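*Asks:* Chains as they are written, first to last, in numbering that gives the first Met the number 0: chain A, 0 to 211; chain B, 0 to 211.
Got a structure here, written out as structure tokens. Questions coming.
2 protein chains.
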Amino acid sequence: MTRLKRTKIPQSVVKRLTKYLTFVQGLRMSGVEWVSSQDVADALGMTSSTVRQDLSHIDFHGISKRGYETRGFHKVLAKVLGADTVWNMIVVGAGNLGKALALHEEFPRRGYNICGIFDNDPRKMGRKVGRFAVQDIRDMPRFISNGKIDVGIVAVPASAAQSVADMLIIARIRGILNMTLTHVVAPKHIVVIDSRIVANLFELSHAITAAR
Amino acid sequence: MTRLKRTKIPQSVVKRLTKYLTFVQGLRMSGVEWVSSQDVADALGMTSSTVRQDLSHIDFHGISKRGYETRGFHKVLAKVLGADTVWNMIVVGAGNLGKALALHEEFPRRGYNICGIFDNDPRKMGRKVGRFAVQDIRDMPRFISNGKIDVGIVAVPASAAQSVADMLIIARIRGILNMTLTHVVAPKHIVVIDSRIVANLFELSHAITAAR
DNA sequence: TAGATTGTTAATCGATTAACAATC
DNA sequence: TAGATTGTTAATCGATTAACAATC
């Protein structure tokens, strides 16, 4: 039974672990059984030193001359990232983005189950999004406590982001995926991760502009 | 006329500039005319030192005792991030996520215009996504060169990500927004920014798990 | 065995924070 | 003026890379 290490893994390392997970999963699907730190580094554009240093945060070991067994590698990465368990999520905001996320097959395929979608617009309530009917946001707190919901995805207009986050926090959600541009404030026992697509577009247009 | 500085701005700084832009835009909308580095830091959960250090990369200056004028601050951030110009984008992949992105009002509102959506599935071709008909991916290269397309959003299954990216690269796209989990390889004159929502979910479930 | 590759320590590099003189 | 706040230099902190002994 693989045990997690006590020490906190830096966020920079966690971000790379998500890349390793995807890469190693691909290798397994191709039937590759062993991979070296250099292989990983080459595929993902980094140094083998970084790969080995990152793995030192994890209770998993390679073998000299052979590298890492993909099976165990994949398994431990999934465990460390929480990708080996099932998570219950709700989507708040039934606009185009919220609806798409509620329908995104990739999430349940990976154990991130959508359990409901909420909005505050009465005209949207009851409308079907796949197998879900849009629910009144006022029913959200009860839904969270009844359904053991772990994660709330915030896909509302920026102006409503903080108040929706506050509702989620009061309802004792464990984590928030913030899809809005707004910075969301939360007590530190609640995890907030930003997934701000427009901010990524800013980064992109900056880099294009800056390239000469 | 505001001039951009010569030196390259570190990516860590650029990421924070996107937060400043959103925050300062909100201030302007509320009619606030001046903001101090401490105000920004408090709102976004960082130190005032970081804010001032970040601004040293930019050709914009505050005034002792008053801080920064929001109008100029907003303007220079928009300029540095390329948010003050119009960008032409296409979406590749007409699944739920691709369709939602093609419909996302936030993008054109901010100058990131969707110009078309492509897929390789003949059953999807011709179908309407808002005002767009899904086009054959084989017509993509010509569309890019004819339409002065700057950015390609890759919203296809992970297995197709690299080959789609290669098509975009050959067609001389300037930047790629990668929505898939896969690492995308590109020559260094092509900007690739990852916006991997599932990876953000991994980060989230890791953090929830790691919190004791 | 010989040599490839790990795991870890040490060196380097970069990013964040602290401190403070300049200044409005 | 007095004091708040900038801009920048220096100090600290953390992350990445290099190097190499251990080892399979």
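Glycine is no exception: its CB is placed at the ideal position from the N, C-alpha and C atoms.
Here the structure is a predicted model, which is why all the values come from computation and not from measurement.
Quick one: does lysine 127 of chain B have its CB under 8 Å from some CB of chain A?
*Replies:* Not an interface residue.
*Asks:* What are the boundary residues of the alpha helix (DSSP H) that includes asparagine 119 of chain B?
*Replies:* Asparagine 119 of chain B -> no alpha helix (DSSP H), and no H or E assigned at all.
*Asks:* Within the 8 Å Cβ cut-off, does glutamate 68 of chain B reach chain A?
*Replies:* No, glutamate 68 of chain B lies away from the interface with chain A (no Cβ there is under 8 Å from its Cβ).
*Asks:* May I ask which residues mark the beginning and end of the alpha helix (DSSP H) holding leucine 176 of chain B?
*Replies:* Unbroken run through leucine 176 of chain B is the beta strand (DSSP E), 174-177; no alpha helix (DSSP H).
*Asks:* Between the beta-carbon of leucine 176 of chain A and the beta-carbon of isoleucine 152 of chain A, is there less than 8 Å?
*Replies:* Contact: yes.
*Asks:* DSSP state of alanine 77 of chain A, grouped into three classes?
*Replies:* Here alanine 77 of chain A sits in helix by DSSP.
*Asks:* Is it buried or exposed for histidine 182 of chain A, if we count other Cβ within 10 angstroms and need 16 for buried?
*Replies:* That one is buried.
*Asks:* According to DSSP, what are the bridge partners of glutamate 68 of chain A?
*Replies:* DSSP output for glutamate 68 of chain A lists A:Trp33 as bridge partner(s).
*Asks:* The segment 139-170 of chain B: which residues have C-beta closer than 8 Å to a C-beta of chain A, in chain order?
*Replies:* Residues passing the 8 Å Cβ filter: Asp149, Val150, Ala157.
*Asks:* Report all residues from its chain with a CB closer than 8 Å to the CB of arginine 2 of chain A; omit the five preceding and five following residues, and keep chain order.
*Replies:* Its pLDDT being 45, under 50, arginine 2 of chain A is placed unreliably by the model, and the measurement read from it follows with that caveat. So the qualifying residues of the chain are Asp58.
*Asks:* Against asparagine 199 of chain A, what residues of chain B qualify as contacts under a CB-to-CB distance less than 8 Å, listed in chain order?
*Replies:* Under the 8 Å cutoff, chain B gives Leu176, Ile192, Asp193, Ser194.
*Asks:* Using 8 Å as the Cβ pair cut-off and three pairs as the minimum, do the segment 108-115 of chain B and the segment 85-95 of chain B touch?
*Replies:* Yes, the segment 108-115 of chain B is in contact with the segment 85-95 of chain B.
*Asks:* Would you grab the beta carbon distance between threonine 6 of chain A and histidine 56 of chain A for me? Rounded to a whole angstrom, and I think it's under 8 Å.
*Replies:* Confirmed, Cβ separation roughly 7 Å.
*Asks:* Given a limit of 8 Å on CB to CB distance, which residues of the segment 19-38 of chain A reach chain B?
*Replies:* Going along the segment 19-38 of chain A in chain order, one finds Leu20, Thr21, Phe22, Gly25 with a Cβ nearer than 8 Å to chain B.
*Asks:* Threonine 49 of chain B versus chain A: which residues are under 7 Å apart at the beta carbon?
*Replies:* What threonine 49 of chain B touches in chain A: nothing, since even the nearest Cβ is about 14 Å away.
*Asks:* Could you give the uninterrupted runs of the beta strand (DSSP E) lying entirely in the segment 139-209 of chain B, keeping only those of 3 residues or more?
*Replies:* Qualifying beta strand (DSSP E) stretches, in chain order: 150-153, 174-177, 190-193.
*Asks:* In angstroms with no decimal places, state the Cα-to-Cα distance between methionine 166 of chain A and tyrosine 67 of chain B.
*Replies:* Their Cα atoms are separated by approximately 33 Å.
*Asks:* How is isoleucine 62 of chain A classed by DSSP in three states: helix, strand or coil?
*Replies:* Correct three-state label for isoleucine 62 of chain A: strand.
*Asks:* Would you check if the distance between the CB atom of alanine 40 of chain A and the CB atom of serine 29 of chain A is smaller than 8 Å?
*Replies:* No, the Cβ-Cβ distance between alanine 40 of chain A and serine 29 of chain A is not below 8 Å.
*Asks:* With respect to 7 Å, is the separation between the Cβ of tryptophan 86 of chain B and the closest non-hydrogen atom of the ligand HEM below this value?
*Replies:* Among the ligands in the structure shown, none appear at all, so the ligand HEM cannot be discussed.
*Asks:* Given that a residue counts as buried once 16 or more other Cβ atoms are within 10 Å of its Cβ, and exposed if not, what is glutamine 134 of chain A?
*Replies:* Classification for glutamine 134 of chain A: buried.
*Asks:* Is there a Cβ from chain A that is less than 8 Å from the Cβ of methionine 0 of chain B?
*Replies:* Residue confidence is low: methionine 0 of chain B scores 43 on pLDDT, short of 50, so the model does not pin down where it sits. Its coordinate-derived value is still stated next. So, not an interface residue.
*Asks:* Taking histidine 103 of chain A and leucine 80 of chain B to be in contact with their CB atoms under 8 Å, please state how far apart those CB atoms are, rounded to whole angstroms.
*Replies:* Wrong, their Cβ atoms sit about 28 Å apart, outside the cutoff.
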